[in-house]
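S.K.: Residue numbers (my numbering): 233 to 381. Ideal Cβ positions, reconstructed from N, Cα and C, are used throughout, including at glycine. Computed from a prediction, not measured in an experiment: that's the story for all the values here.
So this is what it looks like as structure tokens:
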């Protein structure tokens, strides 16, 4: 199973590859990791005992997601966010104690969805601008052509 494309029966029929990538498991969970890093960086600035080495270890494993490990943890824990916390902790043993420290599940799920929605809207806007431009070109080209309506 590919984690680079959002999987749904309607996706292959109606979504562009770019949109499917925005909503993929890879994008979603790497965004979770970026949010956890941002949280840890802020916590470090506020005085929590978070080391630069822990942050570096996290940064080095942003996109290296072990989906098989996360699936195993999810079957055991029955919680998607905690499954990914544990799977990333396996990859970043020094950073394990600070991953998701003081956060709720909604911190990563809600914020990552907002980021995905924003990226989707940027894509839609770009495509709409292209359509409007093409329609304007078409209308200008055929403005003197009489049509029956």
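Just tell me which of 347, 276 and 254 has its CA closest to the CA of residue 327.
M.R.: Start at 1 with the first residue of the chain shown, and residue 327 comes out as number 95. Per the Cα distances, 276.
S.K.: With a threshold of 16 other CB atoms inside 10 Å of the CB of residue 256, please say whether the residue is buried or exposed.
M.R.: Within the chain shown, residue 256 is the residue found at index 24, counting from 1. So residue 256 counts as buried.
S.K.: How about residue 301 and residue 319: are their beta carbons less than 7 Å apart?
M.R.: For the purposes of this step, residue 301 is taken as residue 69 along the chain shown, with counting starting at 1. For the purposes of this step, residue 319 is taken as residue 87 along the chain shown, with counting starting at 1. Their beta carbons are under 7 Å apart, which means residue 301 touches residue 319 by this criterion.
S.K.: Beta-carbon separation of residue 272 and residue 287 under 7 Å?
M.R.: For the purposes of this step, residue 272 is identified with residue 40 of the chain shown, where counting begins at 1. For the purposes of this step, residue 287 is identified with residue 55 of the chain shown, where counting begins at 1. In this structure, residue 287 lies closer than 7 Å to residue 272 by Cβ.
S.K.: Taking only the alpha-carbon atoms, compute the straight-line gap between residue 347 and residue 317 and give it to the nearest angstrom.
M.R.: As a working mapping, residue 347 is identified with position 115 in the chain shown. As a working mapping, residue 317 is identified with position 85 in the chain shown. Computed Cα separation, rounded: 20 Å.
S.K.: Would you mind stating whether residue 344 and residue 264 have Cβ atoms separated by less than 7 Å?
M.R.: The sequence position of residue 344 within the chain shown is 112, counting from 1. The sequence position of residue 264 within the chain shown is 32, counting from 1. Yes. Within cutoff.
S.K.: Please give the ranges of any beta strand (DSSP E) in the stretch 267-318, keeping only runs that are unbroken, at least 3 residues long and fully inside the region.
M.R.: List check, beta strand (DSSP E) in window: nothing returned.
S.K.: To the nearest whole angstrom, what separates the beta carbons of residue 312 and residue 306, a pair I think is in contact under 8 Å?
M.R.: Within the chain shown, numbered from 1, the residue matching residue 312 stands at position 80. Within the chain shown, numbered from 1, the residue matching residue 306 stands at position 74. Rounded, the Cβ-Cβ distance is 6 Å, consistent with contact.
S.K.: The alpha helix (DSSP H) that contains residue 371, what's its start and end?
M.R.: Stepping through the chain shown from its first residue, residue 371 is reached at position 139. Taken as a continuous stretch (DSSP letters only), the alpha helix (DSSP H) holding residue 371 covers 337-373.
S.K.: Sort 247, 324, 235 and 240 by Cα distance to residue 359 and report the nearest one.
M.R.: Here residue 359 refers to the residue found at position 127 of the chain shown. Cα-wise, what sits closest to residue 359 is 247.
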